[in-house]
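Worksheet: one structure, shown below.
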Ligand code: CUA
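Next up, the structure:
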């Protein structure tokens, strides 16, 4: 058992050196974020309730995540109440947010733009209303 396990652990090890770490915390029913590397900048991100021609219905949020393009980014995901799932399909990221646990993955955004995602774990009455928005910018 040890030999194949050691091989898997070796293959799963982090090889990249991320520029920044974003921590994403799921709540019923919104996300909050922390840029832990920068004096713990933290903010809540709620879906925008009112729609006009400047946003996307059920997909836009009041405070978007801003991340640099062309850099490796580490994301830590957890939750405070029930299981949520932090998902951005265009970046190939889907990772569960479990209370009491810290999940980690990393991704790389190769273009500027706005990336949308939604919670992907049925987490209660407003599961449909906790979208995720990343603005990727050139630094
Ligand atoms: Cu949070 Cu579904």
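Residue numbers (the working numbering): 19 to 157.
Glycine included, every Cβ here is placed at the ideal spot set by N, Cα and C.
{"Asked": "Using 10 angstroms around the beta-carbon of residue 40, count the other beta-carbons present and answer buried if the total reaches 16, otherwise exposed.", "Found": "buried"}
{"Asked": "Please confirm whether any heavy atom of the ligand CUA lies closer than 7 Å to the CB of residue 140.", "Found": "yes"}
{"Asked": "Applying the criterion that 16 or more other CB atoms from any shown protein chain within 10 Å of the CB defines a buried residue, is residue 131 buried or exposed?", "Found": "exposed"}
{"Asked": "Among residues of its own chain, excluding the 5 on either side of residue 155, which ones have a beta-carbon nearer than 8 Å to its beta-carbon?", "Found": "84, 85, 86, 87 and 130"}
{"Asked": "Among 44, 38, 70 and 60, which one has its Cα closest to the Cα of residue 140?", "Found": "44"}
{"Asked": "Within the segment 73-107, note down every full beta strand (DSSP E) run reaching 3 residues or more, in order along the chain.", "Found": "83-86, 90-97 and 102-106"}
{"Asked": "Quick check: does the Cβ of residue 118 come within less than 7 Å of any heavy atom belonging to the ligand CUA?", "Found": "no"}
{"Asked": "Excluding the 5 residues preceding and the 5 following residue 151 in the sequence, name in chain order all residues of the same chain whose CB lies nearer than 8 Å to its CB.", "Found": "63, 77, 78, 79, 82, 83, 132, 133, 134 and 135"}
{"Asked": "In the DSSP assignment, what residue or residues form a beta bridge with residue 60?", "Found": "52"}
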